[in-house]
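J.: Residue numbers (this note's numbering): 7 to 377.
Positions of the beta carbon are idealized from the N, C-alpha and C atoms, including for glycine.
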Amino acid sequence: MNKLKKGILSVSPSIIAILAGIFAGFIILLISNPANAWQGLITIVKGGWNAQMKGVGQVLYYATPIILTGLSVGFAFKTGMFNIGASGQLMVGGLMSIYVGVNWTFLPGALHWVVAMLMGAIAGMLWGTIVGLLKAYRNVNEVISAIMLNYIGLYGINFLVKGSNLHDTMRNQTAHVAANAAIPKMGLDNIFYNLKGKYKDMSSVNGGIFIAIAIAILIYIILSKTTFGYELKACGHNRFASRYAGINENKAIVSSMAIAGALSGVAGALMYLAPPSGMHIHVAEVLAPQGFNGIAVALLGLSHPIGIIFAALFIAHITVGGAYLQSLKYMREIIDIIIGLIIYFSAFSLLMRDLISKLRRKKAKTTAQEG
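(1) What would DSSP say about G335, mapped onto helix, strand or coil?
(2) Closer than 8 angstroms is the cut-off here; do at least three beta carbon pairs connect the segment 111-126 with the segment 186-205?
(3) How far does the beta strand (DSSP E) with L201 in it extend, from its first residue to its last?
(4) Residue range of the alpha helix (DSSP H) that K191 falls in?
(5) Rounded to whole angstroms, what is the Cα-Cα separation between N200 and M208?
(6) Which residues share a DSSP beta bridge with D382?
(7) Any idea which residues DSSP pairs D174 with across the strands?
(8) Which full runs of the alpha helix (DSSP H) of 4+ residues lie inside the segment 48-118, going along the chain?
(9) Take V149 as the anchor and find which of N56, M102, F88, A69 has the nearest alpha-carbon.
(10) For T233, report the span of its alpha helix (DSSP H) as first-last.
(11) Hey, could you find the ends of the alpha helix (DSSP H) F323 is sitting in?
(12) Can you find the residues in the same chain that come closer than 7 angstroms, C-beta to C-beta, to A264, ignoring five residues on each side of it along the sequence?
(13) How far does the alpha helix (DSSP H) with E148 in it reach, from first residue to last?
(14) Please say whether G346 and R338 have beta carbons closer to each other than 8 angstroms?
(15) Using the rule of at least 16 other Cβ atoms within 10 Å of the residue's Cβ for burial, across every protein chain shown, is F234 buried or exposed?
(16) Counting beta carbon pairs with one atom in the segment 318-327 and one in the segment 224-244, are three or more of them shorter than 8 angstroms?
(17) Take K52 and list the residues in its own chain whose beta-carbon comes closer than 7 angstroms to its own, dropping the five residues that flank it on each side.
(18) First and last residue of the alpha helix (DSSP H) that includes P295?
(19) Our contact map puts I215 next to L77 with C-beta atoms below 8 angstroms; I'd like the distance itself, whole angstroms only.
(20) Is it right to say N171 is buried, meaning 16 or more other beta carbons lie within 10 angstroms of its own, or is it exposed?
(21) Contact between the segment 38-56 and the segment 252-272 is defined here as three or more beta-carbon pairs at a separation below 8 angstroms; is this criterion met?
(22) Since I believe K168 is in contact with V289 (beta carbons under 8 angstroms), could you give me their beta-carbon distance rounded to a whole number of angstroms?
(23) With a CB to CB cut of under 7 angstroms and the five nearest residues on each side skipped, what residues in its chain are close to N56?
(24) So the alpha helix (DSSP H) V260 belongs to, where does it begin and stop?
(25) Relative to the ligand GTP, is the shortest distance from any of its heavy atoms to the C-beta of A181 smaller than 7 angstroms?
(26) Please report how far the alpha carbon of L160 lies from the alpha carbon of Q375, in whole angstroms.
(27) Any contact between the segment 92-104 and the segment 290-298? By contact I mean 3 or more CB pairs, one from each, below 8 angstroms.
(28) Which partner residues of H288 appear in the DSSP bridge assignment?
(29) Just tell me which of L155, Q58, V211, I312 has its CA closest to the CA of L224.
(30) By alpha-carbon positions, which one of I28, P19, V17, V260 ends up nearest to D342?
(31) Since A122 and V106 are thought to touch, with beta carbons under 8 angstroms apart, how far apart are those beta carbons, to the nearest angstrom?
(32) Which one of L305, K369, L365 has the shortest CA to CA distance from F351?
(33) Relative to the C-alpha of A353, which residue among T325, T373, N254, G307 is closest?
(34) Express the C-alpha separation of Y336 and S151 in angstroms, rounding to a whole number.
(35) With 16 as the cutoff for other CB atoms within 10 Å, does K60 come out buried or exposed?
Here you go:
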């Protein structure tokens, strides 16, 4: 019973944040277009089910990268770091995956997409390692360096894509990767589609969702069941005590950001190795929103790998639902506002929970001293 009560209390900030965010979104719908506000709310709540099985498949596709960026942000949180650079790491990893997917056609069969994904992970890891090295050896705030690297990555990618064989000039985006470099569907194409006459209207979902869930489980094992994970978390709780206990603080910081970067790099690989209906890197001055959505996912999931999976599915669910708001004469950006509000309410509810816990401990200590 105590475990159940503790579990309910731990997830209550996330539930409160979701309900508060959706209620605030409903108020915005009322202000924007009162006549369709209730129908707009239903559309958001229905999410992927607005488009039946194809829509559910889209939810899984959109959830795949934000599971991994959520893990990236959450993993850094666990070790006392704030990885706001997930967008840049995702785009750098994604570009490397696309490069391998387009040019390394000498790789046979499934080896092509596996190597492309691994190269994306390595690129993201190197981008994250820069942040860790600056923090560990020069005490540069990771938020500042990560934001700067986001934009260095963005403009560097635009420069590299233009004029190369990776550029689809007609659409001003990266080209399709080779067929062997695409993440296989793994049977999901036989489930998540709608019939239009004799033809299948396919979703973009592929086996990347299985890979993302498997990585989340692996991260859970690393953090909860290994000495390495314990050392990383110990540094996050109290670096001075960890240093006194003989834990290498600098190694922990660099390792944390390297792993966080690798997770974001895999997110980019799984997002962009999904032609022809999947996403591409557009040559524009816009950072990948999936990196910032990872912050919302990490907060809602309380930085727990399993919680992050469910949080990502929820964010993807309302994101897909938001795409149908335009039919009700709303801007689809309302969903971005709701996600932003959920982040705010989630952070606020966590702050209040910690404050109440401190007050209770202080009261208990005072009572014990008086007794």
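T.: The short version:
(1) Here the question's residue 335 lines up with position 329 in the sequence shown. Sequence check: residue 335 is Lys here, not Gly. If DSSP states are grouped into helix, strand and coil, K335 belongs with coil.
(2) yes
(3) One-based indexing of the sequence shown puts residue 201 at position 195. Segment 199-202, the beta strand (DSSP E) holding L201.
(4) Start at 1 with the first residue of the sequence shown, and residue 191 comes out as number 185. Per DSSP, K191 belongs to no alpha helix (DSSP H) and is neither H nor E.
(5) As a first step, residue 200 must be located in the sequence shown, where it is residue number 194. As a first step, residue 208 must be located in the sequence shown, where it is residue number 202. Roughly 7 angstroms between the two C-alpha positions.
(6) Because the chain is modelled from 7 through 377, residue 382 falls outside the range shown and cannot be assessed.
(7) By 1-based counting over the sequence shown, the position of residue 174 is 168. Its beta-bridge partners are Q179.
(8) 58-84, 92-109
(9) What you label residue 149 is simply residue 143 of the sequence shown in a count that begins at 1. Among N56, M102, F88, A69, the Cα nearest to that of V149 is on F88.
(10) Along the sequence shown, one-based indexing puts residue 233 at 227. Element bounds for T233: 233-243.
(11) The count along the sequence shown starts at 1 and reaches residue 323 at position 317. This sequence places His at residue 323; Phe is not what is there. 311-328 is the span of the alpha helix (DSSP H), which, as asked, contains H323.
(12) Position 258 of the sequence shown, counted from the start, is the residue given in the question as residue 264. The residues are M131, G134, T135, G138.
(13) Counting from 1 along the sequence shown, the entry for residue 148 is found at position 142. Unbroken alpha helix (DSSP H) run through E148: 148-167.
(14) For this step, residue 338 is matched to residue 332 along the sequence shown. For this step, residue 346 is matched to residue 340 along the sequence shown. Not a contact, by the Cβ cut-off of 8 angstroms.
(15) As a first step, residue 234 is located in the sequence shown; it is residue number 228 there, counting from the start. Classification for F234: exposed.
(16) no
(17) Numbered from its first residue, the sequence shown carries residue 52 at position 46. The answer, listed in chain order, is G327.
(18) For the purposes of this step, residue 295 is identified with residue 289 of the sequence shown, where counting begins at 1. Counting along the chain, the alpha helix (DSSP H) containing P295 begins and ends at 295-306.
(19) As a position in the sequence shown, residue 215 is number 209, starting the count at 1. As a position in the sequence shown, residue 77 is number 71, starting the count at 1. The Cβ separation is near 14 angstroms, so there is no contact.
(20) Along the sequence shown, read from residue 1 onward, the residue named residue 171 stands at position 165. Classification of N171: exposed, given that the 10 Å Cβ count is below 16.
(21) no
(22) Counting from 1 along the sequence shown, the entry for residue 289 is found at position 283. Counting from 1 along the sequence shown, the entry for residue 168 is found at position 162. About 6 angstroms; that satisfies the 8 angstroms criterion.
(23) Translated into the one-based positions of the sequence shown, residue 56 becomes position 50. Excluding sequence neighbours, N56 sits near T49, G327, Y330.
(24) One-based indexing of the sequence shown puts residue 260 at position 254. Element bounds for V260: 255-278.
(25) The ligand content of the structure shown is nil, which means the ligand GTP is not present either.
(26) Walking along the sequence shown from the start, residue 160 turns up at place 154. Walking along the sequence shown from the start, residue 375 turns up at place 369. Spanning the two alpha carbons is a distance of roughly 57 angstroms.
(27) yes
(28) Against the sequence shown, residue 288 aligns to sequence position 282. Partner(s): Q179.
(29) Sequence index remark: in the sequence shown, residue 224 carries index 218 (1-based). Closest by alpha carbon: I312.
(30) Within the sequence shown, residue 342 is the residue found at index 336, counting from 1. Nearest C-alpha to D342: I28.
(31) The residue you call residue 122 lines up with position 116 of the sequence shown. The residue you call residue 106 lines up with position 100 of the sequence shown. Confirmed, about 4 angstroms.
(32) Within the sequence shown, residue 351 is the residue found at index 345, counting from 1. Here the closest residue by C-alpha is L305.
(33) Mapped onto the sequence shown, residue 353 falls at position 347. The shortest Cα separation from A353 among T325, T373, N254, G307 belongs to G307.
(34) As a working note, residue 151 is residue 145 in the sequence shown. As a working note, residue 336 is residue 330 in the sequence shown. If you take the alpha carbons of S151 and Y336, they lie about 37 angstroms apart.
(35) Against the sequence shown, residue 60 aligns to sequence position 54. Flag for K60 reads buried.
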